[in-house]
Ligand code: HEC
Ligand code: HEC
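In mature numbering (1 follows the signal peptide of the UniProt record, and there is no 0), the protein residues as written are -25 to -1, 1 to 332.
So this is what it looks like as structure tokens:
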């Protein structure tokens, strides 16, 4: 609703006040080149990076954040739905962690507001990293002397190894996972040959078809700095043929988080940055190609049927949103001298429990 009224205001501004080109640029904004917060020191970021890549934070010692949010590629896992410890699969597609700082809430249903709160979830989710509880996570970290030293150096000597501090470090690292300087960003900043003609036509079509009603702002997800999470109905046109074909109704979305029936089938608008890298698509990962997803979106959200040429132009435009990825060197993880962390007395118990063996 809010998004709709914003578009109407834009149209009004277009006719009454401003040149339409200026209105166009309101919907299109470059990605910020930094998302660092005060206190995100290099040392804290480096600790967060170690934790992000460390599979020992999972029950089986095999699954890290990077397993499902692979930073060597699109920041996702390329699977319809993710596979965690013991090959267990969850119900939803893994969104990319690239640029996840640029959204007002986390998860498809926006059930947590911050990256810090988000990072607490996967370690103890049965189908993800499968730890019995945060105490067990902290126990694992405390069994590795190198980690204790790092935590104390970043957070001070007393009671440094806590879940709050661990997720603070992970979130600081995630705030570095941004991809500015895409062809589209360079085009916006005045480099008129950064995008091809077909990409420019796709950009115009993206706006005139109405995609920007939801996919607006620097990350194409409706987010603006400081904005609250907004959710939109998906599918909005429930008799679209795509609804049945890809089972777009069994996941109730936002209402799972709020318990409010009027939130049934509401979802967060996801970012379209680097969208060419993160197939398959949608919350259930059911749609394998970007062109089919674009066709589906037009049908389920805008009641519009696109020609093959229009789909191709939109996809060409979306490919211009692929950004510049920071170089990430694999971190060295602190290890134990000749002792297993997975078979610590207390960890061994959780190991057995969590895997059900
Ligand atoms: C087993 C696979 C798996 C692992 C391991 C995992 N995630 Fe995720 N992650 C997912 C899935 C699936 C979702 C979406 C779940 C939902 O929306 O209900 C998600 C959502 C997210 C989001 C929200 C992104 C958005 O656009 O809403 C972030 C951020 C994230 N994970 C970071 C992490 C971090 C940090 C870790 C490690 C502590 C981690 N994940 C471990 C699968 C995984
Ligand atoms: C009314 C709001 C709205 C409109 C209009 C809209 N979208 Fe979306 N879009 C969403 C939502 C919500 C989702 C997430 C759907 C889900 O939960 O699976 C989404 C998902 C997507 C995805 C898949 C993202 C992913 O990570 O899997 C693409 C691609 C996309 N939209 C492109 C478009 C294009 C192109 C248009 C215009 C033709 C458009 N959208 C119009 C709200 C909208």
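All C-beta atoms, glycine included, are put in the ideal place defined by N, C-alpha and C.
Residue 68: which of 103, 134, 208 sits nearest, CA to CA?
Position 93 of the chain shown, counted from the start, is the residue given in the question as residue 68. Nearest of 103, 134, 208 to residue 68, Cα basis: 103.
Say the cut is 8 Å; is the CB of residue 191 nearer than that to a heavy atom of ligand 1?
Numbered from 1 along the chain shown, position 216 holds the residue referred to as residue 191. No, since every heavy atom of ligand 1 falls outside the 8 Å radius drawn around the Cβ of residue 191.
The beta strand (DSSP E) that contains residue 241, what's its start and end?
Here residue 241 corresponds to residue number 266 of the chain shown, with the count starting at 1. Start and end: 241 to 243.
Buried or exposed (CB count within 10 angstroms, at least 16 for buried), residue 390
Nothing in the structure corresponds to residue 390, since the chain is present only between -25 and 332.
Stretch-stretch touch, CB-based, cutoff 8 Å, three pairs: the stretch 74 to 87 with the stretch 188 to 204
By the Cβ criterion, the stretch 74 to 87 is in contact with the stretch 188 to 204, since at least three pairs of Cβ atoms, one from each stretch, lie closer than 8 Å.
Consult DSSP for residue 142 and reduce its assignment to one of helix, strand or coil.
Position 167 of the chain shown, counted from the first residue, corresponds to residue 142. If DSSP states are grouped into helix, strand and coil, residue 142 belongs with the helices.
Are the stretch 32 to 48 and the stretch 175 to 183 in contact at 8 Å, needing three or more beta carbon pairs?
Contact between the stretch 32 to 48 and the stretch 175 to 183 is absent: fewer than 3 CB-CB pairs across the two stretches fall below 8 Å.
Just the Cα atoms here: how many angstroms apart are residue 246 and residue 31?
Start at 1 with the first residue of the chain shown, and residue 246 comes out as number 271. Start at 1 with the first residue of the chain shown, and residue 31 comes out as number 56. A direct Cα-Cα distance of roughly 30 Å separates residue 246 from residue 31.
With distance defined between alpha-carbon atoms, name the residue in 61, 113, 141, 127 nearest to residue 23.
Taking the chain shown and counting its residues from 1, one reaches residue 23 at position 48. For the residues 61, 113, 141, 127, the minimum Cα distance to residue 23 belongs to 141.
N- and C-terminal bounds of the alpha helix (DSSP H) containing residue 127
Here residue 127 refers to the residue found at position 152 of the chain shown. It spans 120 to 130 - the alpha helix (DSSP H) in which residue 127 sits, taken as one unbroken run.
Find the nearest neighbour of residue 94 within the set 132, 121, 148, judged by alpha-carbon distance.
To locate residue 94, count along the chain shown from 1; it is residue 119. Nearest Cα to residue 94 within the set 132, 121, 148: 148.
For the putative contact between residue 29 and residue 252, defined by C-beta atoms under 8 Å, what is the C-beta separation to the nearest angstrom?
Taking the first residue of the chain shown as position 1, residue 29 is located at position 54. Taking the first residue of the chain shown as position 1, residue 252 is located at position 277. The beta-carbon distance between residue 29 and residue 252, rounded to whole angstroms, is 24 Å. This is too long to meet the 8 Å contact definition.
By Cβ distance below 6 Å, which residues in the same chain neighbour residue 158 in space, the five residues on each side in sequence not counted?
Translated into the one-based positions of the chain shown, residue 158 becomes position 183. Taken in chain order, the residues that qualify are 169, 170, 295.
Answer with yes or no whether the minimum CB distance from residue 75 to chain D is below 9 Å.
No chain D appears in this structure, which consists of one protein chain only.
Run through DSSP, which three-state label would residue 81 get?
Within the chain shown, numbered from 1, the residue matching residue 81 stands at position 106. Judged by DSSP in its simplified three-state form, residue 81 adopts strand.
Would you say the beta carbon of residue 209 comes nearer than 8 Å to a heavy atom of ligand 2?
Walking along the chain shown from the start, residue 209 turns up at place 234. At least one heavy atom of ligand 2 is nearer than 8 Å to the Cβ of residue 209, so yes.
Compare the C-alpha of residue 4 against each of 259, 254, 190 and name the closest.
Within the chain shown, numbered from 1, the residue matching residue 4 stands at position 29. In terms of CA proximity to residue 4, 190 leads the group 259, 254, 190.
Rounding to the nearest angstrom, what Cα-Cα distance links residue 145 and residue 27 in this structure?
For this step, residue 145 is matched to residue 170 along the chain shown. For this step, residue 27 is matched to residue 52 along the chain shown. Cα to Cα, the separation comes out at about 6 Å.
To which residues of the same chain is residue 250 closer than 7 Å at the C-beta, ignoring the five residues directly before and after it?
Residue numbering aside, residue 250 sits at position 275 when the chain shown is read from its first letter. Setting aside the 5 residues that flank it on each side, residue 250 is surrounded in the same chain by 265, 293, 296, each with a C-beta closer than 7 Å to its C-beta; the list follows chain order.
Starting from the C-beta of residue 60, find all residues in its chain whose C-beta is less than 6 Å away, skip the five residues before and the five after it, and write them out in chain order.
Locating residue 60 in the chain shown gives position 85, where the first residue counts as 1. Closer than 6 Å at the Cβ level, and outside the excluded window around residue 60, lie 33, 34, 35, 38, 105.
Work out the CA separation of residue 165 and residue 301 for me, nearest whole Å.
For the purposes of this step, residue 301 is taken as residue 326 along the chain shown, with counting starting at 1. For the purposes of this step, residue 165 is taken as residue 190 along the chain shown, with counting starting at 1. In this structure, the straight-line span from the alpha carbon of residue 301 to that of residue 165 is close to 23 Å.
Is it buried or exposed for residue 215, if we count other Cβ within 10 angstroms and need 16 for buried?
On the chain shown, residue 215 is found 240 positions in, with the first residue counted as 1. Answer is buried; the Cβ neighbour count reaches 16.
Can we say the stretch 81 to 89 touches the stretch 225 to 232, given the rule of at least three CB pairs closer than 8 Å?
Taking 8 Å as the limit for Cβ pairs, the verdict is that the stretch 225 to 232 does touch the stretch 81 to 89.
Give me the Cα-Cα distance between residue 352 and residue 270, rounded to the nearest whole angstrom.
Nothing in the structure corresponds to residue 352, since the chain is present only between -25 and 332.
Inter-residue CB distance, residue 262 and residue 115 (contact presumed, cutoff 8 Å):
Start at 1 with the first residue of the chain shown, and residue 262 comes out as number 287. Start at 1 with the first residue of the chain shown, and residue 115 comes out as number 140. Taking a contact as a CB-CB distance under 8 Å, the pair residue 262 and residue 115 does not count as one, their CB atoms being some 37 Å apart.
Inter-residue Cα distance where the pair is residue 182 and residue 225:
On the chain shown, position 207 is the one that residue 182 refers to. On the chain shown, position 250 is the one that residue 225 refers to. Annotation: residue 182 to residue 225 spans about 30 Å, alpha carbon to alpha carbon.
Taking 8 Å as the cut-off, does the CB of residue 258 come closer than this to any heavy atom belonging to ligand 2?
Walking along the chain shown from the start, residue 258 turns up at place 283. Residue 258: yes, Cβ under 8 Å from ligand 2.
On the three-state DSSP scale, how would you describe residue 58?
Here residue 58 refers to the residue found at position 83 when the chain shown is read from its first residue. Residue 58: strand per DSSP, three-state reduction.
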